[in-house]
Structures are given as C-alpha cells and as structure tokens.
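*Asks:* Top line first, the protein sequences correspond to chains Z and C.
Quick note: the first sequence, position 141, residue 140 per numbering that gives the first Met the number 0, numbers continuous.
Quick note: the second sequence, position 61, residue 60 per numbering that gives the first Met the number 0, numbers continuous.
Ideal placement from N, C-alpha and C gives every residue a C-beta, glycine not left out.
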Amino acid sequence: MPDATELELTAQELRDSQDGSIVDTEFQRGDRAVLVIDPGQVWGVLSHLQAKGYTFLASLHGVDYYPEEPRLGVLYELLDMQRVERISVKARVSTEDPRIRSVVELFPTANHQEREVYDMFGVVFEGHPDLRRILMPEDYEGHPQRRDFPVGGEPVLFTYNESQSYGQWQ
Amino acid sequence: MEIKREPISDLKVRQLRARDLLRGDLEGEDLERYVEERLLVTTVDKAVAWAQGNSLYPLTFGLACCAIEMMGIVASRLDIARFGFEAMRASPRQADLIILSGRVSIKMAPVIRRLWDQMLEPKWAISMGACCSSMGVFNNYALVPADKFMPIDVHVPGCPPRPEALMHGVLRLRDKIQGHKVENWRDRYEARGTEEIVPYNPADGGAVNVFAPGDTAGA
Numbered sequence: 000m001p002d003a004t005e006l007e008l009t010a011q012e013l014r015d016s017q018d019g020s021i022v023d024t025e026f027q028r029g030d031r032a033v034l035v036i037d038p039g040q041v042w043g044v045l046s047h048l049q050a051k052g053y054t055f056l057a058s059l060h061g062v063d064y065y066p067e068e069p070r071l072g073v074l075y076e077l078l079d080m081q082r083v084e085r086i087s088v089k090a091r092v093s094t095e096d097p098r099i100r101s102v103v104e105l106f107p108t109a110n111h112q113e114r115e116v117y118d119m120f121g122v123v124f125e126g127h128p129d130l131r132r133i134l135m136p137e138d139y140e141g142h143p144q145r146r147d148f149p150v151g152g153e154p155v156l157f158t159y160n161e162s163q164s165y166g167q168w169q
Numbered sequence: 000m001e002i003k004r005e006p007i008s009d010l011k012v013r014q015l016r017a018r019d020l021l022r023g024d025l026e027g028e029d030l031e032r033y034v035e036e037r038l039l040v041t042t043v044d045k046a047v048a049w050a051q052g053n054s055l056y057p058l059t060f061g062l063a064c065c066a067i068e069m070m071g072i073v074a075s076r077l078d079i080a081r082f083g084f085e086a087m088r089a090s091p092r093q094a095d096l097i098i099l100s101g102r103v104s105i106k107m108a109p110v111i112r113r114l115w116d117q118m119l120e121p122k123w124a125i126s127m128g129a130c131c132s133s134m135g136v137f138n139n140y141a142l143v144p145a146d147k148f149m150p151i152d153v154h155v156p157g158c159p160p161r162p163e164a165l166m167h168g169v170l171r172l173r174d175k176i177q178g179h180k181v182e183n184w185r186d187r188y189e190a191r192g193t194e195e196i197v198p199y200n201p202a203d204g205g206a207v208n209v210f211a212p213g214d215t216a217g218a
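If you want it as structure tokens, here you go:
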C-alpha cells in the first residue's frame with residue numbers, strides 16, 4: 000500500500016506527464032489509496048501505472064453514486080506484485096454520456112469485467128472488442144444495478160393481501 | 000355385486016376350504032364365495048394411476064441450494080426408493096417429474112421451459128423452495144417465479160425446505176396422481192372463513208417496494 004506521501008508523488012508524476020489527468024486524490028481510512036482521474040485520460044493513466052509496476056488489474060467494477068453528479072464511477076483496482084502495493088483508480092462518468100475508453104488491450108482481464116459494468120450500469124467502453132451483455136439476457140432492457148432502476152419482483156402474497164390475488168380460492 | 004369379506008375367524012376352516020378347492024371338491028355357493036373373496040375389481044385407469052404414482056422418475060436437475068436438500072431425499076435416511084422414485088433420469092425424455100430446486104433466473108427460464116416441453120406426457124412439476132414459488136429473498140429484477148412460464152403441480156415452501164418437506168410434497172403429488180382427495184389444512188380443520196383479511200387500501204400502496212411487472216420506469 001503506498002502511503003499518503005507516495006500517493007501524492009505518483010499523482011504529481013501523472014500530472015506532469017499527462018496534463019489534467021488527475022482530478023483528486025483520496026487516502027481512505029489509512030489503508031486505501033485512490034486516484035480520481037479524468038475519464039478521458041484513463042488509457043494514459045493506466046498505461047503509466049502499468050509501466051511503473053502495477054501490472055495486475057485485480058478488479059474493474061462500476062458504482063452508482065446517485066444522487067451525486069456525475070453519477071457513475073468506474074473503479075480499477077491495481078496491484079504491484081513485486082512490491083505488494085495496491086492502488087485504486089476511479090473515473091466518474093455521467094449517465095447522459097457514459098463513455099470511457101476500454102483498457103482491454105492493456106489488461107486482457109478487463110474484457111469480461113467491462114462487459115459486466117456495461118451490463119449492470121450501462122457504461123460504454125469504447126474500443127472494447129466485443130461489448131455486449133454478459134449476465135442478463137441479451138434482449139433485456141435497462142441496466143439493473145443503477146440506483147434508479149426499479150427493484151422489480153413479484154408482490155408477495157400474505158394473508159393481508161390475499162383478497163387481491165388472482166389465484167384467490169373463492 | 001356387494002362383496003362381503005368374512006373375518007378371519009378360523010384359520011383351520013380356511014385351510015380346509017383351500018384344500019377342498021385344490022382337490023376340486025369345492026362347488027356351488029362355496030366355490031363362488033371363495034373366488035369372490037380373492038378377486039379385486041378395478042378400472043384400468045385406476046390401475047394405471049396406481050402404477051404411475053408409484054414409479055415417478057424425477058429429472059436429475061438442480062438449480063441452487065435447494066438441490067442439496069433434494070439430494071437428501073435420495074439418501075438412506077429418507078430414501079425415496081421406498082416409494083419407487085429413486086430412478087433419477089439424466090434425460091428429460093425419460094423423466095416424469097421435474098423438481099425446480101432453487102431460484103430461476105430470467106435467463107434460465109427458457110432453458111427450463113425447453114426441458115419441460117421435452118418431457119413426455121404424463122409429466123408433473125414440483126416447485127421447491129421460496130425462490131421458485133414467490134422469488135423469496137431474491138425478489139428482484141433477475142428472477143422469475145416458475146408459475147409464470149410452466150404449470151406447477153405442487154409447491155413446497157421453505158428456504159430451503161427440509162428433505163422431509165420435499166418428501167411430503169412428493170407424496171402429495173403421488174396422492175394427486177392416484178386420484179386421492181388431498182385436503183389442505185383449512186379443509187381438514189374446517190377453517191374456511193377464518194382468514195384474517197385486512198381491507199386493501201391503495202393509498203398505502205399495498206405491498207411495500209414492489210413495482211408492477213415490466214415497469215422499468217426511470218431505468
């Protein structure tokens with residue numbers, strides 16, 4: 000885990016090499032270093048970190064920060080297996096234009112995980128070789144992990160609403 | 000014709016009568032009575048139903064955690080072989096009974112429907128557990144209750160139901176197949192009309208946090 004100082008040094012390196020790439024840094028609970036980046040520069044940031052030693056993309060996932068704006072977040076959890084250090088990269092995209100560049104060519108493991116984020120949150124990964132739904136049926140409408148998606152499901156039949164049931168015994 | 004069976008009063012008399020029959024000495028009214036006492040009259044339908052109910056072949060098919068409990072009824076403690084249900088068939092074309100043991104996702108439903116359509120008549124279905132009947136704890140966008148896409152004969156509630164409960168469900172299905180009248184508990188305890196029904200008030204929204212089916216507004 001890089002400490003707060005090293006996180007700032009890494010962020011400064013990225014600011015120098017890619018102008019405007021770092022929006023913010025967070026050091027959460029003393030055990031999690033987060034780089035908040037501009038979604039347009041995700042490729043540059045991740046390739047820089049990969050060259051720096053963070054060669055393993057442990058996880059790629061989406062978050063819906065409703066009602067904050069921009070709502071959607073794409074998180075990349077990177078691991079440096081030599082120094083055993085982890086860093087999170089967070090990119091925030093809006094629901095109006097949920098586009099971000101795919102990193103499949105950098106990290107082949109991102110292929111299925113980007114498909115899952117697309118399936119559940121509707122983030123479009125530009126340049127993905129095969130961007131289609133992975134968990135939900137292909138003809139499903141909507142992106143069910145978004146906060147404003149209806150919970151759905153069936154009304155459960157209890158004694159109190161038994162009289163509205165179409166299968167009522169009388 | 001009304002057949003009256005004599006109580007087994009005297010074993011010696013019965014033995015002598017059987018001996019007389021074998022020797023050909025039994026005749027007239029005694030012979031008629033002897034034959035009547037040893038014949039069962041039934042219809043072909045009833046005989047077939049009796050046989051079908053005692054030789055169900057379930058499909059080897061598990062969906063989720065309920066499938067672990069389903070395996071329990073095959074094992075030695077409950078042992079469905081006692082009732083002739085032990086021949087789990089790996090092909091739907093050889094199976095009579097499908098036990099939906101677990102949650103059915105929207106993506107799995109067409110697969111199950113195809114398996115059901117491939118089974119030959121006569122066929123039966125048991126919905127096992129809360130998820131399959133009412134979606135249970137997974138009552139969300141991903142699942143569909145089994146009644147929406149195929150006919151279910153017996154619902155076994157529980158999360159998961161114990162193997163004894165599934166066993167009871169299978170035996171109720173056997174009663175159904177054999178044409179026995181199966182009463183539910185309200186009938187058995189004469190409890191019709193004792194339901195507690197709270198008047199429905201749409202202002203309360205009915206059930207909490209439930210959208211109409213297909214309502215994807217805001218998505």
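Tell me whether the beta-carbon of C:Leu-142 lies closer than 8 angstroms to the beta-carbon of C:Ser-104.
*Replies:* Result yes, Cβ atoms of C:Leu-142 and C:Ser-104 sit closer than 8 angstroms.
*Asks:* May I ask you to report which of helix, strand or coil DSSP gives C:Tyr-33?
*Replies:* C:Tyr-33 falls in the helix class under three-state DSSP.
*Asks:* Do you know whose CA, among Z:Ser-20, Z:Gly-29 and Z:Arg-31, lies nearest Z:Glu-38's CA?
*Replies:* Just to set this straight, residue 38 of chain Z is Pro in the shown sequence, not Glu. The candidate whose alpha carbon is nearest that of Z:Pro-38 is Z:Ser-20.
*Asks:* For a test of the three-state rule: what should DSSP assign to C:Ile-111, helix, strand or coil?
*Replies:* Helix, per DSSP.
*Asks:* Give a yes or no on whether the minimum CB-CB distance between Z:Phe-106 and chain C is below 8 angstroms.
*Replies:* Chain C contact via Cβ: absent.
*Asks:* Tell whether a beta-carbon distance below 8 angstroms holds between Z:Ile-99 and Z:Val-41.
*Replies:* Yes, these two residues count as a Cβ contact at 8 angstroms.
*Asks:* Rounded to whole angstroms, what is the Cα-Cα separation between Z:Leu-74 and C:Cys-131?
*Replies:* Z:Leu-74 and C:Cys-131: Cα-Cα distance of roughly 35 angstroms.
*Asks:* Use the C-beta contact count for Z:Gln-167: other C-beta atoms within 10 angstroms, 16 or more gives buried, fewer gives exposed.
*Replies:* Because the pLDDT of Z:Gln-167 is 48, which lies under 50, any placement of that residue in the model is unreliable, and the number read from its coordinates should be weighed accordingly. Answer is exposed; the Cβ neighbour count stays below 16.
*Asks:* In chain C, what lies closer than 8 angstroms to Z:Met-135 by C-beta?
*Replies:* Within 8 angstroms Cβ-Cβ: Ile-105, Lys-106 and Ala-141.
*Asks:* Any idea if Z:His-142 is buried or exposed, counting beta-carbon neighbours within 10 angstroms, 16 or more meaning buried?
*Replies:* Z:His-142 should be labelled buried.
*Asks:* Using a beta-carbon distance below 8 angstroms, is Z:Phe-148 in contact with chain C?
*Replies:* Answer yes: the Cβ-Cβ gap between Z:Phe-148 and chain C drops below 8 angstroms somewhere.
*Asks:* With a threshold of 7 angstroms on Cβ separation, who are the neighbours of C:Ala-94 within its own chain once the five nearest residues in sequence on each side are excluded?
*Replies:* Tyr-56, Pro-57, Leu-58, Arg-88 and Met-118.
*Asks:* In its own chain, which residues sit with a C-beta less than 8 angstroms from the C-beta of C:Phe-137, not counting the 5 before and 5 after it?
*Replies:* Cβ neighbours of C:Phe-137 beyond the five flanking positions: Arg-102 and Cys-130.
*Asks:* For the beta strand (DSSP E) holding Z:Ser-46, just list the boundary residues, first then last.
*Replies:* Segment 41 to 51 is the alpha helix (DSSP H) holding Z:Ser-46; no beta strand (DSSP E) there.
*Asks:* Would you verify that the beta carbon of Z:Pro-66 is, or is not, closer than 8 angstroms to some beta carbon of chain C?
*Replies:* Closer than 8 angstroms: no.
*Asks:* When DSSP labels each residue in this structure, what does C:Asn-208 get in the three-state scheme?
*Replies:* Below a pLDDT of 50, predicted positions are generally treated as unreliable, and C:Asn-208, at 45, falls in that range; the measurement from the model is reported next regardless. Coil.
*Asks:* May I have a chain-ordered list of the alpha helix (DSSP H) segments no shorter than 4 residues that lie completely inside the region 88 to 138 of chain C?
*Replies:* Complete alpha helix (DSSP H) runs here, min 4: 108 to 117 and 129 to 133.
*Asks:* Where C:Val-73 and C:His-179 are concerned, what is the direct C-alpha to C-alpha distance, given to the nearest angstrom?
*Replies:* Whole-angstrom Cα-Cα distance: 25 angstroms.
*Asks:* Cα-Cα, which of Z:Ala-32, Z:Gly-43 and Z:Thr-4 is closest to Z:Arg-14?
*Replies:* The residue with the shortest Cα to Cα distance from Z:Arg-14 is Z:Gly-43.
*Asks:* CB-CB under 6 angstroms to C:Ala-164, same chain, minus the five flanking residues each way: which ones, in chain order?
*Replies:* Answer for C:Ala-164: Val-155 and Gly-157, listed in chain order.
*Asks:* Along the beta strand (DSSP E) that carries Z:Gln-27, what are the first and last residues, could you check?
*Replies:* Taken as a continuous stretch (DSSP letters only), the beta strand (DSSP E) holding Z:Gln-27 covers 21 to 27.
*Asks:* I need the straight-line Cα distance from C:Gly-135 to C:Val-110, nearest angstrom please.
*Replies:* So the two alpha carbons sit approximately 21 angstroms from each other.
*Asks:* Please report whether the beta-carbon of Z:Pro-69 lies at a distance below 8 angstroms from any beta-carbon of chain B.
*Replies:* Structure shown: chain B not included; protein chains present are Z and C.
*Asks:* Grab me the residues of C:Pro-159's own chain with a C-beta within less than 6 angstroms of its C-beta, minus the 5 sequence neighbours each way, in chain order.
*Replies:* Excluding residues within five positions, the ones whose Cβ falls inside 6 angstroms are Cys-64, Cys-65, Glu-68 and Gly-128.
*Asks:* DSSP beta-bridge partners for Z:Leu-76?
*Replies:* A quick correction: the sequence has Glu, not Leu, at residue 76 of chain Z. Paired residue(s): Z:Ser-58 and Z:Ser-87.
*Asks:* Just reading off the alpha helix (DSSP H) that Z:Glu-125 is part of, what are its end residues?
*Replies:* From DSSP, Z:Glu-125 is part of no alpha helix (DSSP H) but of the beta strand (DSSP E) over 123 to 125.
*Asks:* In terms of residues, what are the limits of the beta strand (DSSP E) holding Z:Ile-36?
*Replies:* Segment 31 to 36, the beta strand (DSSP E) holding Z:Ile-36.
*Asks:* Using a threshold of 8 angstroms, state whether the C-beta atoms of Z:His-60 and Z:Val-123 are closer than that.
*Replies:* Not closer than 8 angstroms, so no.
*Asks:* Answer yes or no: do Z:Leu-134 and Z:Asp-118 have a C-beta to C-beta separation smaller than 8 angstroms?
*Replies:* Yes, they are a contact pair.
*Asks:* Evaluate Z:Ser-93 with the Cβ neighbour count: other Cβ atoms within 10 Å of its Cβ, from every protein chain shown; 16 or more gives buried, anything less gives exposed.
*Replies:* The residue in question, Z:Ser-93, is exposed, as its Cβ has fewer than 16 Cβ neighbours within 10 Å.
*Asks:* Could you please give me the residues that DSSP links to Z:Arg-100 through a beta bridge?
*Replies:* Partner(s): Z:Glu-125.
*Asks:* Assign C:Gly-52 to one of two classes, buried (16 or more other C-beta atoms within 10 Å of its C-beta) or exposed (fewer than that).
*Replies:* Counting Cβ neighbours within 10 Å, C:Gly-52 comes out buried, since at least 16 surround it.
*Asks:* One question on the structure: do Z:Gln-49 and Z:Leu-8 come within less than 8 angstroms of each other, judged by their Cβ atoms?
*Replies:* In this structure, Z:Leu-8 does not lie closer than 8 angstroms to Z:Gln-49 by Cβ.
*Asks:* What do you reckon, are the CB atoms on Z:Ile-26 and Z:Ala-3 nearer than 8 angstroms?
*Replies:* According to the sequence shown, residue 26 of chain Z is Phe rather than Ile. Yes; because the gap between Cβ atoms is below 8 angstroms, this pair is in contact.
*Asks:* Does the separation of the CB atoms of Z:Glu-132 and Z:Tyr-139 fall below 8 angstroms?
*Replies:* Contrary to the premise, residue 132 of chain Z reads as Arg rather than Glu in this sequence. Cβ distance < 8 angstroms, so Z:Arg-132 and Z:Tyr-139 count as in contact.
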